[in-house]
Each structure stands twice: as structure tokens, then as C-alpha cells.
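Heads up, the sequence shown is in the working numbering, so the first residue is 74 and it goes up one at a time.
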Amino acid sequence: MSVTIKAVSSKSEMKTFVRFANRLYKGNRFYVPSMPLDDLNTLDKNKNGAFEFCEAEYYLAYKDGNVAGRVAAIINHKANESWKVKQVRFGWFDFIDDIEVSEALLNAVIAFGQAHGMTQIAGPLGFTDFDPEGMLVEGFDRLSTMALIYNHPYYPEHMKKLGYYKETGWVEYRITIPDQMPEKHVRYAEIVRERYKLTVRKLSRRQIRKERYGHKLFQLINETYCVLYGYSLLSEKQIDQYVDMYLSIVDTKMLTFIENEKGELVAAGISIPSLSEALQKCNGEIVPFGWWHLLKAMYWKKPDTLDLLLIGIRPDYQSKGLNSLVFVDLFENYKKLGFKYAETNANLETNVKVQALWAPFEKILHKRRWVFAKDI
Numbered sequence: 074m075s076v077t078i079k080a081v082s083s084k085s086e087m088k089t090f091v092r093f094a095n096r097l098y099k100g101n102r103f104y105v106p107s108m109p110l111d112d113l114n115t116l117d118k119n120k121n122g123a124f125e126f127c128e129a130e131y132y133l134a135y136k137d138g139n140v141a142g143r144v145a146a147i148i149n150h151k152a153n154e155s156w157k158v159k160q161v162r163f164g165w166f167d168f169i170d171d172i173e174v175s176e177a178l179l180n181a182v183i184a185f186g187q188a189h190g191m192t193q194i195a196g197p198l199g200f201t202d203f204d205p206e207g208m209l210v211e212g213f214d215r216l217s218t219m220a221l222i223y224n225h226p227y228y229p230e231h232m233k234k235l236g237y238y239k240e241t242g243w244v245e246y247r248i249t250i251p252d253q254m255p256e257k258h259v260r261y262a263e264i265v266r267e268r269y270k271l272t273v274r275k276l277s278r279r280q281i282r283k284e285r286y287g288h289k290l291f292q293l294i295n296e297t298y299c300v301l302y303g304y305s306l307l308s309e310k311q312i313d314q315y316v317d318m319y320l321s322i323v324d325t326k327m328l329t330f331i332e333n334e335k336g337e338l339v340a341a342g343i344s345i346p347s348l349s350e351a352l353q354k355c356n357g358e359i360v361p362f363g364w365w366h367l368l369k370a371m372y373w374k375k376p377d378t379l380d381l382l383l384i385g386i387r388p389d390y391q392s393k394g395l396n397s398l399v400f401v402d403l404f405e406n407y408k409k410l411g412f413k414y415a416e417t418n419a420n421l422e423t424n425v426k427v428q429a430l431w432a433p434f435e436k437i438l439h440k441r442r443w444v445f446a447k448d449i
């Protein structure tokens with residue numbers, strides 16, 4: 074039978090959309106289930122602040138009467154204006170190993186883009202950099218992380234057969250946490266702290282809220298990441314959303330904030346225990362009992378691996394050694410908390426500054442992911 078594409082138009086179809094990947098990958102030991110509730114909020118035009126400057130449509134593919142794939146078509150007008158492109162993004166892209174299905178889904182995105190005057194399709198990308206992005210092209214035998222995409226090896230093969238090219242790429246590292254930081258790095262961190270009159274702060278949730286540190290953090294991220302591929306500046310509404318989201322799950326001992334003598338936030342390091350295995354146990358469902366697995370991993374019986382969500386250093390303080398100050402503080406706490414490994418977030422292949430951060434550590438480059446693109 075031929076493939077049928079249907080735009081999502083009901084609550085039941087949306088639930089099918091957000092749960093499709095978890096069903097497709099059921100039993101796969103490397104896939105980390107997404108949380109359907111989070112996806113529903115992200116895709117909801119009334120809840121996601123990104124819709125202040127984005128528009129989107131969601132599609133399901135059917136074959137032989139069964140759901141065979143899904144895709145989101147997204148236009149981020151702010152990013153397009155910043156980067157001088159006319160790009161429609163595809164995200165939440167999953168499909169069975171049938172090239173008729175993947176082609177039909179991408180064609181639906183192309184039609185959506187062309188109807189809005191777009192001249193290029195690219196993805197996987199989300200509304201912003203805080204959504205999963207980049208198709209895995211190496212590392213299929215490695216456990217994924219909560220924040221990043223896992224996909225079957227046949228995905229990139231479909232993309233190549235359909236004439237898509239590599240637009241950009243990311244790499245990911247697995248770092249072995251040292252038993253103790255080398256003395257030279259500890260000394261260097263102290264020199265940097267004194268030279269630039271910096272203060273390392275550890276804050277409670279109450280302090281973070283009272284001093285609006287969540288907003289300071291995401292403003293720092295805006296300043297730090299604005300030069301990276303496809304980034305669009307976070308709005309105040311988005312910042313409010315991310316503060317509420319992340320503050321509810323982080324262990325404050327795994328946060329490091331660095332201020333200058335004026336009390337300005339100039340660097341930060343954010344990490345959380347890996348929730349990959351906990352999400353596998355509950356298949357991404359928080360209720361009725363999934364919350365127990367997540368709380369256990371976050372606070373009581375931590376895994377041996379953590380996720381380095383981000384390291385942000387204000388542009389005027391980059392290349393001054395502030396990363397050493399962040400790492401000395403964070404890594405000393407990691408050892409106390411019993412962690413053995415750290416998973417970096419996806420680093421752009423071209424971002425040599427962030428990749429240089431990992432130079433002092435024993436590490437392996439174990440995953441690569443690409444954004445695929447095509448002129449339309």
C-alpha cells in the first residue's frame with residue numbers, strides 16, 4: 074500500500090505523535106525514551122514561548138493502516154532573520170525502515186516550507202537549541218542521553234539516498250573523571266580567580282529564585298551561544314519556562330556560578346546525574362510511578378555517569394582560563410558524589426574553543442551527529 078500523510082489535528086493524534094518513537098524503539102538498549110508530557114508542552118502552541126517567533130505543523134505517516142512515522146515542520150523566523158536564510162526545519166523525525174515513509178514525511182515538510190516561501194530544508198532541528206537536534210551518524214552502540222537524539226543506523230542512509238547533504242556536525246565525548254584534579258590545574262584556577270577578582274558561588278534553590286539567577290544564567294547563555302549554528306536568542310517567556318523546567322530537576326551541588334567583582338555572572342557550569350537508565354525503566358512516563366525512578370537517580374542512588382548540560386563563559390571572559398575555575402569546583406564535587414564519567418553535550422565540530430575545554434581529561438570521542446539539508 075502507498076504511504077498516507079496526515080497533519081495532526083486532534084489530541085489523540087498528538088498523543089500518538091509524541092509516543093511514536095518510544096514504541097518504535099521499545100526494547101532498544103541504547104535508546105533513551107523521551108518524556109511525552111514534556112513533548113506535549115513543547116509542541117503546544119499555547120505553552121511554548123518559541124511560538125512567539127515560530128510556526129509549525131506536525132505530520133503522521135500511515136502504511137498498511139499502521140502509524141509508520143512522524144515529523145514536525147518548523148519555521149523559526151527569528152533564526153532565519155539572524156542567519157539570513159529561508160529555512161524550514163524538520164524535527165521529531167522517526168520512521169520505520171521504509172524509504173517511501175521517510176521521503177513522504179520530508180516531502181510534507183518541504184511543501185509546508187515552500188508554502189511559506191522557504192528555500193531550504195534542514196534537520197533534525199527543534200524550535201531552539203534546547204530541543205533535541207542532530208541525527209546520530211556514529212555511536213549507535215552507545216547509550217544515549219536525555220537531551221539528545223538516538224536513531225537507528227538506517228536513518229542517515231535514507232537521508233543520503235534522498236539527496237540530502239551534511240549541513241553541520243557535532244561531536245560528543247565521554248570523559249573519565251579524575252580521582253583528583255591535577256595540582257597544576259588547581260593552582261592555575263586560583264591564579265585566574267585572583268587575577269580577575271572572581272568569586273565562585275554555590276547557591277540554593279531559594280537563592281537562585283530570590284536573586285533571579287536562573288534569568289542571569291540564560292542571559293549568559295544568550296550571550297555565549299548566539300554565534301553558534303542556528304541559534305536564536307531566548308525570549309523572556311522562554312527563559313521563564315527553562316528556569317522552571319531545569320530548577321525542578323537539578324541538584325544544586327552540581328551547579329557552579331562565577332561572578333566578577335561587580336557581582337555580574339560571567340561563567341557557569343550546569344550538570345545533572347544521567348537519567349538515561351531511569352527513563353528506560355519508566356519508558357519516559359512520569360505517572361503513575363515513573364517519577365520514583367527519576368527521583369532515585371537524581372538524589373538517592375545516583376548512576377556512575379553525569380550529563381554536562383552546558384558550560385557558559387561570557388565572551389569578554391573567554392580565553393582567560395575561567396574554564397579551569399569551573400572544572401576544579403565541579404569535578405571535586407563529582408568525586409564526592411561518586412561519579413566516574415561525564416557525558417558532554419553535543420559540541421559543534423567547528424567550535425574549537427569548547428572542545429579545548431576537555432583537553433586536560435582522559436576522554437573518548439564516541440558519538441557524531443549531523444544536520445542534513447537540501448535546497449527546495
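All C-beta atoms in this analysis are idealised placements derived from N, C-alpha and C, irrespective of residue type, glycine included.
Could you pull the start and end residues of the alpha helix (DSSP H) that Gln187 belongs to?
Per DSSP, the continuous alpha helix (DSSP H) segment holding Gln187 begins and ends at 172 to 188.
When the Cα atoms are used, what is the spatial distance from Ala123 to Ser155?
Straight-line Cα distance between these residues: approximately 15 Å.
Can you name the residues that DSSP bridges to Tyr135?
BP columns for Tyr135 point to Thr77, Val140.
Just to confirm the assignment: which complete beta strand (DSSP E) runs, minimum length 3, are found wholly within the stretch 227 to 261?
Runs of the beta strand (DSSP E) lying entirely within the stretch 227 to 261 and spanning at least 3 residues, in chain order: 238 to 249.
Would you mind sorting Gly164 into buried or exposed? The rule is 16 or more other CB atoms within 10 Å of its CB.
Result: buried.
Quick one: what's got a C-beta closer than 7 Å to Gly236's C-beta in the same chain, skipping five residues either side?
Once the five neighbours on either side are set aside, the close Cβ partners of Gly236 are Lys447.
Count the CB pairs spanning the stretch 77 to 92 and the stretch 134 to 142 that are closer than 8 Å, and state whether there are at least three.
Segments in contact, yes.
Out of Leu382, Asp389, Asn406, Gly342, which has the shortest C-alpha to C-alpha gap to Asn396?
Comparing alpha-carbon positions, the option among Leu382, Asp389, Asn406, Gly342 lying closest to Asn396 turns out to be Gly342.
To test your reading of the DSSP string, which unbroken beta strand (DSSP E) runs of 3 or more residues are found completely within the stretch 83 to 134?
The stretch 83 to 134 contains no whole beta strand (DSSP E) run of 3 or more residues.
Identity of the residues DSSP links to Gln193 by a beta bridge:
Note: Gln193 is bridge-paired with Gln160, Asp448 in the DSSP secondary-structure output.
Using the Cβ count rule (16 or more neighbours within 10 Å means buried), how would you classify Gly150?
Reading off the sequence, residue 150 comes out as His, not Gly. That one is exposed.
If you draw a straight line from the C-alpha of Glu245 to the C-alpha of Glu416, how long is it?
Straight through space, the alpha carbons of Glu416 and Glu245 are spaced by roughly 7 Å.
Beta carbon of Tyr104: closer than 6 Å to some heavy atom of the ligand COA?
The ligand COA is not part of the structure shown, which contains no ligands of any sort.
Roughly how many whole angstroms lie between the Cα atoms of Ser344 and Lys369?
Ser344 and Lys369: Cα-Cα distance of roughly 17 Å.
8 Å CB neighbourhood of Asn114 in its chain, flanking five on each side removed:
The answer, listed in chain order, is Lys120, Asn121.
Own chain residues within Cβ distance below 7 Å of Gly287, not counting five before or after
Beyond the five residues adjoining it in sequence on each side, Gly287 comes within less than 7 Å, by CB distance, of Ile281, Val316, Leu320 in the same chain, given in chain order.
For a test of the three-state rule: what should DSSP assign to Gly336, helix, strand or coil?
Note: Gly336 maps to coil in three-state DSSP.
Hey, how far is the Cα of Ser82 from the Cα of Val174?
About 20 Å.
In three-state DSSP terms, what is Val265?
In the structure shown, Val265 falls within a helical segment according to DSSP collapsed to helix, strand and coil.
Using DSSP's beta-bridge definition, name the partner residues of Thr329.
Its beta-bridge partners are Gly342.
Near Gly207, what residues of its chain come up, given a Cβ to Cβ distance below 7 Å and the 5 sequence neighbours on each side ignored?
These residues qualify, in order along the chain: Pro197, Ile222, Trp243, Ala419, Arg442, Trp443, Val444.
For Glu211, which residues does DSSP report across the bridge?
DSSP lists Arg441 as the beta-bridge partner residues of Glu211.
DSSP puts Gly385 in a beta bridge; with which residues?
Paired residues: Ala341.
Alpha carbon to alpha carbon, what distance is there between Thr329 and Asp402?
Rounded to the nearest angstrom, the two C-alpha atoms are 7 Å apart.
Whole angstroms is fine: what's the gap from Glu263's alpha carbon to Pro433's?
Cα to Cα, the separation comes out at about 17 Å.
Going by DSSP, what residue range makes up the beta strand (DSSP E) through Thr272?
Counting along the chain, the beta strand (DSSP E) containing Thr272 begins and ends at 272 to 274.
Distance between Val339 and Arg96 (C-alpha atoms, nearest Å):
One Cα belongs to Arg96, the other to Val339, and the distance between them is close to 43 Å.
Among the candidates Ile183, Thr192, Gln428, Ile312, whose CA atom is the shortest distance from the CA of Trp131?
In the sequence on display, residue 131 carries Tyr and not Trp. Taking the Cα of Tyr131 as reference, the smallest distance to any Cα among Ile183, Thr192, Gln428, Ile312 is reached at Ile183.
Helix, strand or coil for Ile148? Go by DSSP, reduced to three states.
In the three-state reduction of the DSSP assignment, Ile148 falls in the strand class.
Quick check: Lys289 and Asn406, are their CB atoms within less than 7 Å of each other?
Cβ atoms of Lys289 and Asn406: not closer than 7 Å.
How is the beta strand (DSSP E) around Glu296 delimited, first residue to last?
For Glu296, there is no enclosing beta strand (DSSP E); the residue is part of the alpha helix (DSSP H) that begins and ends at 286 to 298.
Reference Val265, options Thr192, Met318, Lys335, Ser392, closest by Cα
The shortest Cα separation from Val265 among Thr192, Met318, Lys335, Ser392 belongs to Ser392.
Since Thr249 and Ser349 are thought to touch, with beta carbons under 8 Å apart, how far apart are those beta carbons, to the nearest angstrom?
Not a contact, Cβ separation roughly 18 Å.
Using the three-state DSSP reduction, which class does Leu320 fall into: helix, strand or coil?
Reduced to three states, the DSSP call for Leu320 is helix.
Can you list, in chain order, the residues of its chain whose CB lies under 6 Å from that of Gly212, leaving out five sequence neighbours each side?
So the qualifying residues of the chain are His439, Lys440.
Less than 7 Å separating the beta-carbons of Gly385 and Ile312?
No. Outside cutoff.
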